[in-house]
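Data block below; observations after.
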Amino acid sequence: MNIFVKLVLVVFIVSVAQSREILNEKILYDCVDIYKQPSLSHPLLRNHKIQMEPSFSSLKPKKQVKNKIENRIRVECPNGTVPILKNTINYVSNAQYWAERHFNPLIDESHGKHMAGVREQGKGPYHGVAAWMSVHDLNVSRDQASYANIYAGSVLNNKSNFIQTGWMVNPSLFGDGQTWRYGFWKGADGAGCYNTICPGFIQVSKTDLLSGPIPHPRKGDRAVFPSIVQDKVSGHWWTAHVRSFKKDIAIGYWPKELFDIIGHSVNMVGVTGVVQASPSGISPPMGNGHLPTKNEGESARVRHLLIVNSKYKGKELEDMSKLDKLLDSNKCYGLRDGKKRFFLKEFNFFTYGGPGGKSC
Numbered sequence: 001m002n003i004f005v006k007l008v009l010v011v012f013i014v015s016v017a018q019s020r021e022i023l024n025e026k027i028l029y030d031c032v033d034i035y036k037q038p039s040l041s042h043p044l045l046r047n048h049k050i051q052m053e054p055s056f057s058s059l060k061p062k063k064q065v066k067n068k069i070e071n072r073i074r075v076e077c078p079n080g081t082v083p084i085l086k087n088t089i090n091y092v093s094n095a096q097y098w099a100e101r102h103f104n105p106l107i108d109e110s111h112g113k114h115m116a117g118v119r120e121q122g123k124g125p126y127h128g129v130a131a132w133m134s135v136h137d138l139n140v141s142r143d144q145a146s147y148a149n150i151y152a153g154s155v156l157n158n159k160s161n162f163i164q165t166g167w168m169v170n171p172s173l174f175g176d177g178q179t180w181r182y183g184f185w186k187g188a189d190g191a192g193c194y195n196t197i198c199p200g201f202i203q204v205s206k207t208d209l210l211s212g213p214i215p216h217p218r219k220g221d222r223a224v225f226p227s228i229v230q231d232k233v234s235g236h237w238w239t240a241h242v243r244s245f246k247k248d249i250a251i252g253y254w255p256k257e258l259f260d261i262i263g264h265s266v267n268m269v270g271v272t273g274v275v276q277a278s279p280s281g282i283s284p285p286m287g288n289g290h291l292p293t294k295n296e297g298e299s300a301r302v303r304h305l306l307i308v309n310s311k312y313k314g315k316e317l318e319d320m321s322k323l324d325k326l327l328d329s330n331k332c333y334g335l336r337d338g339k340k341r342f343f344l345k346e347f348n349f350f351t352y353g354g355p356g357g358k359s360c
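Sequential numbering of the sequence shown, starting at 1, is according to my numbering.
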């Protein structure tokens, strides 16, 4: 058995599960004592003191469009415990495989990957990013992946640190064709890691998950509104479920000790759709599987892009046309920006995606 796989499994066996939440027969969450969660076994976190809540207030777009539907991924763990997705040998080994191939948004790379999105750099330093993103089901094979995410990171002397969170369809990684919420980070050791598969991410919420299948609402948009924000006091990078007219739900954080470049800030933030093609060269669909059109409702879309500036203030971008546009294959995918008026409110958005195919 791979040494990495052995280490991860041993870590989770040592953690004591007080109860178990079952979403289905393949998706199990152990409710683990918050002070005995696996991430605290990371060598850089041996003396880490858990921050129970962020010191900053919720992020709120100024021009909000009310959406009563909240696609939260919830379990119910007892007080004093947090939900940790149960690892299996296949899950861990597949995660290692995909982590080595995961798209690095900070550098120009291809290797069978394609992207469509926007980013800002050169006006920092930055301390976070958040965006509302529509969520879609896609037909993706086991040797492909398709995902959309927000990210924050920095590059220095050919080394990169970054954090991502968003949604992903990856049947090989998650064991099914559902659309999952996920988190990914690349830190000081140069290796990447998904969710809580290896030690690193500190889970704080006893109900809301960093990773899990995203439910279908009875009506309205199926969407996520994730954030990545650095705490001014602790320096840790928090992720939360942003809610338009309620307090945000803090899920947990990536401790600053995990990183050697982004301990104080990042120099790039963005949001993008990404695909990983199969070894045969066939690229999967991105977004909702269709090229973006003038009709926002027909396309995969991103609204309320907020950037946390050098003063730790979250500001919604008034003009997305000023951002760097990233589209490396207009044969198979597209990217458009636009504005929409909702009663007396006008907000910016961009749409993206496409069907994929051969020779993208």
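Heads up, the beta-carbon is just placed ideally off N, CA and C, and yes, glycines get one too. Since we're looking at a predicted model, the values are computed, not measured.
Length-filtered (3 minimum) beta strand (DSSP E) runs lying within the segment 238-267 | Taking only runs of at least 3 residues, the beta strand (DSSP E) segments lying wholly in the segment 238-267 are 249-254.
C-beta contact flag for R72 and H241 at 8 Å | Yes, Cβ-Cβ distance for R72 and H241 is below 8 Å.
From this set, P43, L59, W185 and E318, which residue's C-alpha is nearest S160's C-alpha?
-> Taking S160 as reference, the option from P43, L59, W185 and E318 with the minimal CA-CA separation is W185.
The beta strand (DSSP E) spanning A300 covers which residue range?
-> That run of the beta strand (DSSP E) goes A300 to V308.
Specify, as a first and last residue, the run of the beta strand (DSSP E) that Q121 falls within.
-> Note, Q121: beta strand (DSSP E), K113 to Y126.
Tell me whether S329 sits in a helix, a strand or coil according to DSSP, three-state version.
-> The answer is coil: DSSP assigns S329 none of H, G, I, E or B.
Distance, Cα to Cα, S360 vs C77?
-> As written in the sequence, residue 360 is Cys, which differs from the Ser given in the question. So the alpha carbons of these two residues sit roughly 45 Å apart.
Apply the 10 Å Cβ neighbour rule to K311 and answer buried if 16 or more other Cβ atoms are within range, or exposed otherwise.
-> Counting Cβ neighbours within 10 Å, K311 comes out exposed, since fewer than 16 surround it.
The segment 258-273 in contact with the segment 110-127 per 3-pair CB rule at 8 Å | Yes, the segment 258-273 touches the segment 110-127.
From A131, W254, K86 and D319, residue whose alpha carbon lies closest to that of E53 | Ranked by Cα distance from E53, the options A131, W254, K86 and D319 are led by W254.
Cβ-based neighbour list, P213, same chain, cut-off 6 Å, excluding 5 preceding and 5 following | Contacts found: Q178 and W180.
Mind checking whether V118 and V271 have CB atoms under 8 Å apart?
-> Yes. Within cutoff.
Apart from the five residues on each side of it in sequence, which residues of its chain come closer than 6 Å, Cβ to Cβ, to Y29?
-> Taking Y29 as the centre and dropping the five residues before and after it, the same chain places the C-beta of E21, V75, P83 and L85 closer than 6 Å to its C-beta, in chain order.
For the segment 117-200, which segments carrying the alpha helix (DSSP H) assignment without a break, of at least 4 residues, lie completely within its bounds, in sequence order?
-> Counting whole runs of 4 or more residues, the segment 117-200 contains the alpha helix (DSSP H) stretches 171-174.
Local Cβ density within 10 Å of K256, reported as buried at 16 or more and exposed below that = Of the residues assessed, K256 falls on the buried side of the cut-off, its CB having 16 or more other CB atoms within 10 angstroms.
Please say whether V224 and A145 have beta carbons closer to each other than 8 Å?
-> Contact: no.
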